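If you want the numbering used here, it's the 1-based position in the sequence shown plus 219.
By construction, the Cβ of each residue, glycine as well, lies at the ideal position given by its N, Cα and C atoms.
Owing to the predicted nature of the structure, the values given are computational and were not obtained by experimental measurement.
Below you'll find the structure, written out as structure tokens, and then a few comments.
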Amino acid sequence: MRTLLTATTYLALSSLAAVFLPSASLGSVTADSRLAASTATAPLPAAADSLDDGPHVYWQDDTTAIVFYLCDGEVAKRAFQVADTLRFEGFCTDRATEYVIPARAPEIEPHVFDDAPRILTVSDIHGEYEYLVEFLQVAGVIDEDLRWNWGDGHLVVDGDTFDRGDKVTECLWLLYRLEREAKAEGGRVHFVLGNHELMVMLGDNRYINEKYTNGIVRSTRIKHEDLYGPQMELGRWLRSKHAVIKVNDILFVHGGMPPEAIERGLSLDDINGTLRRTADLRSYEIAFSDTVKFLLRGDGPLWFRGYHGALEGRYPETSREQIDAILETYDAKAIVVGHSEHDQVEALHDGKAFRIDVPVKTLESFQGLLWEDGRFYRVIGTGDLEPIR
Numbered sequence: 220m221r222t223l224l225t226a227t228t229y230l231a232l233s234s235l236a237a238v239f240l241p242s243a244s245l246g247s248v249t250a251d252s253r254l255a256a257s258t259a260t261a262p263l264p265a266a267a268d269s270l271d272d273g274p275h276v277y278w279q280d281d282t283t284a285i286v287f288y289l290c291d292g293e294v295a296k297r298a299f300q301v302a303d304t305l306r307f308e309g310f311c312t313d314r315a316t317e318y319v320i321p322a323r324a325p326e327i328e329p330h331v332f333d334d335a336p337r338i339l340t341v342s343d344i345h346g347e348y349e350y351l352v353e354f355l356q357v358a359g360v361i362d363e364d365l366r367w368n369w370g371d372g373h374l375v376v377d378g379d380t381f382d383r384g385d386k387v388t389e390c391l392w393l394l395y396r397l398e399r400e401a402k403a404e405g406g407r408v409h410f411v412l413g414n415h416e417l418m419v420m421l422g423d424n425r426y427i428n429e430k431y432t433n434g435i436v437r438s439t440r441i442k443h444e445d446l447y448g449p450q451m452e453l454g455r456w457l458r459s460k461h462a463v464i465k466v467n468d469i470l471f472v473h474g475g476m477p478p479e480a481i482e483r484g485l486s487l488d489d490i491n492g493t494l495r496r497t498a499d500l501r502s503y504e505i506a507f508s509d510t511v512k513f514l515l516r517g518d519g520p521l522w523f524r525g526y527h528g529a530l531e532g533r534y535p536e537t538s539r540e541q542i543d544a545i546l547e548t549y550d551a552k553a554i555v556v557g558h559s560e561h562d563q564v565e566a567l568h569d570g571k572a573f574r575i576d577v578p579v580k581t582l583e584s585f586q587g588l589l590w591e592d593g594r595f596y597r598v599i600g601t602g603d604l605e606p607i608r
């Protein structure tokens, strides 16, 4: 197992898109919306052997937190009085885990950072906790005790931690904790919102694993989306996140920054602020906001696939000239996207764009994109580095 992944060492060695797509009438469906909804009737992923899930933390008021699980088929809950920080030991299968949760809601961090010495990016976790842990360990980001081990490095999770897999909760709490530990060491963890984060917060549960519908949702009678509501700790945390960030001179967005974002004159602040607020909008507020509909639809930044090819009847393949215009507008030199699965992490448009979503179960590992000393590397499942440019 590698203890630290660096380039120096190597060198030395549209769900909601379908609902809200604007067209001739609010109720019409375009080719893109049909594509976004094409798997709506597909069966949910098979449930895990265990329905255990949690913890979920509900802030009943500023000083009272209710922590609950589904554990061995029963709802287990405890209430805590909190002055400034909630601390508790897990009381289900996570009994060796300590949770440290400030009573104050998470602050919205900056979306631009200029001084990262190295950046590792991975995307589309989709509840695959074991694969995530294994990858972060071989990459040297976390140690054998799952603690931050990457000093002042920056880890970017480029959207879609939610849905499909059966350990979404475990992934979220791991990243939640690593965010705090990294910051204490001068590093950062950046959790970028993808289409599946917004889908869940807005109540589109087509892609959640059966574990959740058959387990904690049924047992508590709490809607799945309400587990991530504004008074839930993970919900508060999600509402502090961005849909697009820039680290050094690299843009990170889940689907892709579409040319239309420039035509609409949308800044990064506009995109991030609007999508954070969208999580709590009612359907009529979304239906009559042209900007929100654009950001949620199939050619918005959460769903866009134009860097990889054309979407017939909706948009052409993004040209090199359009990529250059996007980078110039947002004062960046490259853009990193997930969302669209391909065989490996690779460069597009002469290294102006990178796609990082890979078939995890086929490869039996994640891959990541490492930037260090101005160079990009593919990080494979063994932790080895392969130069991209």
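Looking at the DSSP output, H409 shares a beta bridge with V375. With respect to N424, H409 sits apart: the two C-beta atoms are not nearer than 8 Å. In this model, P477 and I344 are separated by some 23 Å (Cα to Cα). If you draw a straight line from the Cα of Q356 to the Cα of L394, it is about 14 Å long.
DSSP, reduced to helix, strand and coil, places A322 outside both helices and strands of the structure shown, so it counts as coil. If you ignore the 5 residues before and after G557, its C-beta comes within less than 6 Å of the C-beta of S342, D343, D377, G378, H473, I575, D576, all in its own chain and listed in chain order. Between the alpha carbons of D291 and D313 lies a distance of about 13 Å.
If you ignore the 5 residues before and after L391, its C-beta comes within less than 6 Å of the C-beta of L453, all in its own chain and listed in chain order. With 16 or more other CB atoms across the displayed protein chains lying within 10 angstroms of its CB, Y431 is buried. When DSSP states are grouped into helix, strand and coil, L521 belongs to the coil group. One Cα belongs to L521, the other to M420, and the distance between them is close to 14 Å. Between the C-alpha atoms of G525 and E560 there is a straight-line separation of about 13 Å. Annotation: G273 to R539 spans about 45 Å, alpha carbon to alpha carbon. For a cut-off of 8 Å, the C-beta gap from V555 to L604 is around 16 Å, too long to register as a contact. Counting other Cβ atoms within 10 Å of its Cβ, K402 stays below 16 and is therefore classed as exposed. Here F354 is near F585, since their CB atoms are less than 8 Å apart. For I285, the uninterrupted beta strand (DSSP E) run begins and ends at 283 to 290, by DSSP.
According to the DSSP assignment, H473 belongs to no beta strand (DSSP E), since it is labelled neither H nor E. Inside the region 431 to 500, DSSP marks whole alpha helix (DSSP H) runs of 4 or more residues at positions 435 to 439, 452 to 457, 478 to 482, 487 to 497, from first to last along the chain. Between T304 and A284, the beta carbon gap of about 10 Å keeps them out of contact (Cβ cut-off 8 Å). Contact between the region 317 to 333 and the region 356 to 365 is absent, with fewer than three C-beta pairs closer than 8 Å. Short of 8 Å from the beta carbon of P329, and not among the five residues preceding or following it, lies no beta carbon of its own chain. Judged by DSSP in its simplified three-state form, V352 adopts helix. Straight-line spacing of the CA atoms in V294 and S269 works out to 14 Å. Residue state for V360 is assigned as coil, using DSSP reduced to three classes. Closest in C-alpha terms to G492, from the list I464, E482, A566, A553, comes I464. Annotation: A566 to R297 spans about 49 Å, alpha carbon to alpha carbon. E416 counts as buried, since at least 16 other C-beta atoms from the protein chains shown sit within 10 angstroms of its C-beta.
CA-CA distance, K571 to H275, rounds to 40 Å. If you compare the alpha carbons of F523, R594, Y277, D280 with that of E479, the shortest gap goes to F523.
Nearest neighbour of G532 by Cα position, chosen from G517, A544, V466, turns out to be G517. Per DSSP, the unbroken alpha helix (DSSP H) holding Q541 starts and ends at 539 to 548. Bounds of the alpha helix (DSSP H) holding D509 are 509 to 515.
Cα atoms of G593 and D468: separation of roughly 10 Å, rounded to the nearest angstrom. Rounded to the nearest angstrom, the gap between the Cα atoms of Y318 and R440 is 25 Å. In chain order, D272 place their CB closer than 6 Å to the CB of T388, counting only its own chain and leaving out the 5 sequence neighbours on each side.
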